[in-house]
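Some notes on the structure that comes next.
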Amino acid sequence: MSTPVNPITVEIIRNALIAVADEMNATLIRSAYTPIVYEMKDCSVALLDSEHRVLGQSAGLPIFLGNLEACTIAIEEQYGRNVWAPGDVWIMNDPYVTGTHLHDMTVMEPIFDDSQLLGFAASRAHWLDVGSKDPGGTIDSTDVFQEGLRLAPIKVVEAGTQVATITQMIGRNSRFYHGAVGDLGAQIACCHTGARRLPEIFRRFGAATVLAARDEIFAQAERLEREFIASVPDGVYRAEGTIDSDGISDREVAVRVEVSIDGDRMAIDLSDSDDACQGPVNCGATQAVAAARVAYKLLVDPHRPANGGSFRPLTVEVRDGSLVGANEPSPVEWYFTPLGLLIDLVVKALSEAVPERAAAASYGDSMVIYLSGTHPDTRQPWLHVEPTVGGWGAWQGSDGEDGLINNVNGSLKDMPIEVLETKYPVRLRHYGYRSDSCGHGEFRGGVGVEREFEILADASMSAWFERSRTPAWGLAGGGTAQPPDIVINPGRPDERHLLKCANVRLSQGDVVRTKTGGGGGFGRPDDRDRDAVRTDVFDGVITPETARRVYGLSVARRSSGPRDDSPRKAGAT
Amino acid sequence: MSRYRVAMDIGGTFTDAVAYDETSGQYSAGKASTTPGELSVGVRRAMHSVVEDLSTVSFAVHGTTQGLNAFLQRRGENVLLIASAGAGDVYQIARGNRTEMYEVQYRKPRPLLSRSDTVEVSGRLDPRGREIEPLSVEDVVAAARRYRDREYTSIAVALLFSYECPDHELQVLEVLRSELGPDVPISLSHRLAREWREYERTSTTVLDAYTAPIVRTYLEELSEGLQADGMSVPLHIMQSSGGIITARSARDHTVQTLLSGPVGGAMGGVSLARLTGQVNLICIDMGGTSFDVSLIVDGEADVSTEASLEGFPLLMPVVNIHTIGAGGGSVAYREAGGLRVGPRSARASPGPACYGRGGTEPTVTDANVALGRVDPATFAGGEFTLDVDAAHRSLAALGGELGLGSAEMAQGIVDVVNAKMAQAIRTLTVEKGIEPRDFALVAFGGAGPMHGVFLAEELGIDQMIVPRFPGAFSAWGMLETQLRRDSARGFPFPHATADLAALQRVFDEMGAEVRSQIEAEGVGSDSVVLHHSIDARYIGQEYTLTIPVGMLSVVGVSGWREQIKAVFDAAHHSRFGHSNAEAPIEFTIARTTGFGDLGRAAPSRLDVRPPAGPVARRPVRFGGEALDTPLIPRDRLAPSTQMDGPVVISEATATTVIPPGWHLEVDDYGILSAFRRNPGKQGGASS
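Protein chains in written order, with my numbering: chain A, 1 to 573; chain B, 1001 to 1687.
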């Protein structure tokens, strides 16, 4: 394998492998059924070599980075290497192998050229419903068996023919049969794309050349990462935070990270995090490793595609039985809540060592609201599930972004008011920025949003709002942001506040107001540019009272001055 | 006597013009320097470069970049946005999505107006367009006061559910007119995009308000100028949809002309498809810093129902142009011991090393120069002298770092960039469910014809076409387009239960609307053709497919419901590789497009008398070997000429490279086609 390959050929093969992953991703996203895949990009694809190393990868969602190989490895460990046969496609979602939750179906296909195993094409996508006790997922599950269908690895296509009985079984375990079968079809088509294209590359360049190029490609990725880590001051960096609760008890759950930099190596130790919880905030070790890799990538090499040489300088320590090293039957539905925090904490821990890549914390979790009921016009059941945008953290040189979707939701778009009201018996009376919700500083965090739903027909609500106990923190003297809140019937005698809840009954005429948190500030508020404070007041992002109290500046809210004072001019430069 | 059809297209450096002489059946091309301060000056000069006496012009069409430039440079109007109470921040939130996955320091595109430029007005409709709360006239009057007090110059009005019922927006218009008078520019969302999704509609409306007054002023200036020059026919303007409208109508639908310039190339593809009979084309426009790809499928441009401009959505039909970050200026460099080419670009400054402007890193252009594929005499229209030594020096330096000789380095850079461009094209075709091997490749722009054959080879394509005037292909493409008007209405109903009589009424209404618009442009009713289509998807999906429902409405025909489902399933299968006959579908938006035929050129056989004289030869490197290659000026290639590669063909705006293994043919109209001698083979042959 040590034949030197011309750098030109290496680069052509490197681009070709990335392109295969992109083509697989394009196939999956364009043909998926559920918005969770095509917009939240709650999916990822990987092209692996025959040793399960990543040749090319395209992750929709950062949190899915680099762990699809765990599935092909698990199959091979259980059934031996001879289990692979041309034309077969496998599916599985066992969370203690995949590391995620049951919604995430991993579909894999071995890639052959004649009888030679060249590698694997794999895809993972979040399915809308996999038959959990409540529609679309659970808030308060206490074991994995309440969370839906759990598949050990199984062949869904055999020798090129889709197995109807398996497809039926999987489809009928979902409340959305067509969605499940449709997404399965999209994932199989995605794997086929990889299985068609990889052999073309082998045939064009020859196996020996491709394999030698692969080794060089991996070595390049590793070299770049080691170079960067070597530039980070050696030391041990720690951070900790809590998630509000596990959804069952009211107890805070701590996530603790310890990051060690030693020369050109990085170690992330998660051992001190709390034990696995009764509620569904646990995850398998595979996914904890993946999340640690995401944090690593954000800091070390945010823009280049990952491959089998990536992450070689990184070791991750997970304690078996902890909430990020969970075993059967720990519930895992909200596995990403501690992982989102974990990623933020690694960035926080290293923020002083790698200031140019860091930012203050964002509003954090997905802030999901579920509304469901029976539509009065069609008498059909309806279900609306939607994460909510919030504020992101500021960094040296810039305010954080206002009203932006959280890290683990990819490129999800909010649902337009006009689509929401057309489909469901609700009215969105208000959707706008939440004044004063940001962390203050020389650069302020982004603001969160407020949404006000009017319920037009009796309905049921579940919600998962998080990070009220560790709201977005600031950096370098920047302030902490406001936490989230949900108010039912604000201003009425029956007003009440919630964050997490399952199946709360709502009546026609009830009002639900959700508020998301802001992002943390960066630097001391005293150092903030005075015009920026005026602009914020003028725009109503902060109130005049806050301008006075935090920034010591007296500004009238409505300027009647000439347009030249207007923030649009300032913003347009 | 009127005899010339003329098209003018504004580029960064030159404004191109192409004229077709209806008497002789011949084309001619000309150009003038683009005049950034006052674009109409350059446009008029360009026109004069091909037609002396403008009274002989029978048809004139123009692709304008005025609105796009105002947007790109953020020199637009000061816009006041009027939105529904409770939804004023929709434009700022912009659906809250991110486009970069691993970036904690992410910012959305800066909106064209800020929160304080937004006024909310009370008044609300429900999803069926029924009034829940009447419009507050008081709020609108307050908005008008705000407009006056704060020196705004344009107003965008986008209210919730106005696509279902425009009454509230029309009331706003009425109040604003009575408060502010008839001259204030006001853009109403339902007139620009009668479709659901308030952010996208608002964004479209704001873009219109931001650019329309500037474009209107420009169009008036230009029309008056051309009239003063003696032109007596109306000026037509290219729309983003690939169809044209008169400059007069463009004033009311300005936003539709925003991407007027870039779509010309794709429409050139459409004309070329008609002329050559090769109906499936991948068109590549490769310039110094950019590489644009567009697709012609079955002779038609690939048109989307929405587009995005620097992250701002536009709800309107737009010919898809995909920009890929590779071009002549892509820089080659060493990283982690390996070679990289692009996406970093040397841009105009310092530019490639061979420009002699201080660039030291080798670019794709430098590699082409070193390989002998660029004719220094005609490069960039002879604008400046190539520094060939500088190109060699930059290649030798990088080659030294990577253990490669200078010639090998040059070959390698070209191979890598060709592979990358080909892969980008392939990913695009996968998204569309298209197999590139079924296509011919059309190469234009300054650098396109130099790389075209090699991209074709990578993609398994057997034919590359270089049109006449490859530097002015966009202008050529505009010459033969049709008038086009589009209309859309929300029709959000499940397929199984949708009221087909209601759908028929929607189509009839839209049909009457676009027909009258086109007839108002001076086209006889016999020359108007209507296309109806409907967007549909499996219930639960977000992306829709636009399904044609026939040349005339056939909604009433029995069996239509079953038929449209089968057509949808088939379209889904061909696009995505799978479909589900059992799964129910739903409709979202009904669309009607009207085309008005303006006649077209019937070109004669190219009438050239090739100049005589010896053919120059020079060594050009192919596959690591320097081959003695003829360098032929394009004007010596008469119709029916045939020759084998290697051959390099040079003309003022482009250089065409035909390697060994490819065969050149010139058709009756002077269009070059290179054919692979062993068809059906992919890759392998080193460029």
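For each residue, glycine too, the CB sits at the ideal point set by N, CA and C.
Cut-off 8 Å between Cβ atoms - residues of its own chain near residue i, not counting five sequence neighbours on either side
i, result
"A/Leu-299", "Val-346, Val-347, Leu-350, Val-354, Arg-357 and Ala-358"
"B/Gly-1683", "Confidence is the limiting factor: at B/Gly-1683 the pLDDT is only 49, short of 50, which leaves the residue's position unreliable, though a coordinate-based value still follows. Closer than 8 Å at the Cβ level, and outside the excluded window around B/Gly-1683, lie Glu-1457, Glu-1458 and Gly-1460."
"B/Ile-1132", "Arg-1124, Leu-1125 and Asp-1126"
"A/Gly-432", "Val-449 and Glu-450"
"B/Arg-1575", "Lys-1432, Gly-1433 and Leu-1545"
"B/Ser-1024", "Ser-1604 and Asp-1607"
"B/Ser-1049", "Ala-1017, Gly-1030, Lys-1031 and Ala-1032"
Per DSSP, the bridge partner or partners of residue i
i, result
"A/Thr-161", "A/Glu-158"
"B/Gly-1123", "Its beta-bridge partners do not exist; DSSP assigns none."
"A/Val-45", "A/Ser-58 and A/Ser-123"
"B/Pro-1548", "B/Ser-1533"
"A/Phe-336", "A/Phe-336 is not bridged to any residue."
Within 7 Å, strictly: CB atoms of residue i and residue j
i, j, result
"B/Ser-1271", "B/Gly-1477", "yes"
"B/Gly-1358", "B/Ala-1654", "no"
"B/Ile-1518", "B/Gly-1596", "yes"
"A/Thr-516", "A/Val-449", "yes"
"A/Ile-268", "A/Gly-235", "no"
"B/Val-1215", "B/Val-1263", "no"
"B/Ile-1155", "B/Leu-1080", "yes"
"A/Ala-481", "A/Gly-509", "no"
"A/Ile-343", "A/Ala-290", "no"
"A/Cys-471", "A/Gly-284", "The sequence shown places Pro at residue 471 of chain A, rather than the Cys named in the question. Not closer than 7 Å, so no."
"B/Ala-1326", "B/Val-1417", "yes"
"B/Arg-1677", "B/Glu-1480", "no"
Own chain, CB closer than 7 Å to residue i, minus 5 neighbours either side, in chain order
i, result
"A/Gly-523", "Gly-441, Glu-442, Phe-443, Ala-476, Gly-477 and Gly-478"
"A/Ala-230", "Gly-263 and Asp-264"
"A/Ile-248", "Asp-140, Thr-142, Gln-278 and Gly-279"
"B/Asp-1229", "Arg-1044 and Leu-1054"
"A/Gly-119", "Leu-47, Leu-48, Asp-49, Ser-50, Leu-55, Ile-111 and Leu-198"
"A/Asp-129", "Pro-135, Gly-136, Ser-174, Arg-175 and Phe-176"
"B/Ala-1212", "Pro-1185, Ser-1187, Thr-1254 and Val-1255"
"B/Gly-1067", "Thr-1211, Ile-1214, Val-1215, Thr-1254, Thr-1257 and Leu-1258"
Close beta carbons around residue i, own chain, < 6 Å, minus the five adjacent residues each side
i, result
"A/Ala-239", "Val-257, Leu-345, Lys-348 and Ala-349"
"B/Ile-1321", "Pro-1262, Asp-1292 and Ser-1294"
"B/Val-997", "For chain B, the structure presents residues 1001 to 1687; residue 997 of chain B sits outside this window and is missing."
"B/Asp-1689", "Because chain B here runs from 1001 to 1687, residue 1689 of chain B falls outside it and cannot be looked at."
"A/Gly-87", "Ala-159 and Gly-160"
"B/Leu-1552", "Model confidence at B/Leu-1552 stands at a pLDDT of 41, short of 50, so the residue's coordinates are unreliable and nothing is read from them."
Residue i classed as buried or exposed, judged by whether at least 16 other C-beta atoms fall within 10 angstroms
i, result
"B/Gly-1624", "exposed"
"A/Ile-154", "exposed"
"A/Ala-576", "The structure shown does not extend to residue 576 of chain A, since chain A is modelled only from 1 to 573, so the question has no answer here."
"B/Glu-1651", "buried"
"A/Ser-2", "Caution is warranted here: a pLDDT of 48 is assigned to A/Ser-2, below 50, making its placement in the model unreliable, and no coordinate value can be reported."
"B/Arg-1609", "exposed"
"B/Pro-1352", "buried"
"B/Pro-1343", "exposed"
"B/Ser-1525", "exposed"
"B/Val-1615", "exposed"
"B/Thr-1593", "buried"
When Cβ atoms are compared, which residues of the segment 347–371 of chain A fall closer than 8 Å to chain B? Val-347, Arg-357, Ala-358, Ala-359 and Ser-362
Contact set between the segment 380–403 of chain A and chain B, restricted to residues whose Cβ is under 8 Å from the partner: Val-389, Trp-392, Gly-393, Trp-395, Ser-398, Glu-401, Asp-402 and Gly-403
In the segment 292–307 of chain A, which residues sit with their C-beta less than 8 Å from some C-beta in chain B, listed in chain order? Val-294, Lys-297, Leu-298, Pro-302 and His-303
Taking beta-carbon pairs under 7 Å, can you tell me which members of the segment 407–439 of chain A lie near chain B? Gly-410, Ser-411, Leu-412, Lys-413, Asp-414, Pro-416, Ile-417, Glu-418, Val-419, Glu-421, Thr-422, Arg-429, His-430, Tyr-431, Gly-432 and Tyr-433
Beta carbons nearer than 7 Å to chain A: which residues of the segment 1095–1117 of chain B have them? Arg-1095, Gly-1096, Asn-1097, Arg-1098, Thr-1099, Met-1101, Tyr-1102, Glu-1103, Val-1104, Gln-1105, Tyr-1106, Arg-1107, Lys-1108, Arg-1110, Leu-1113, Ser-1114, Arg-1115, Ser-1116 and Asp-1117
Residues of the segment 1569–1595 of chain B with a CB closer than 9 Å to any CB of chain A: list them in chain order, please. His-1572, Arg-1575, Phe-1576, Gly-1577, His-1578, Ser-1579, Asn-1580, Glu-1582, Ala-1583 and Pro-1584
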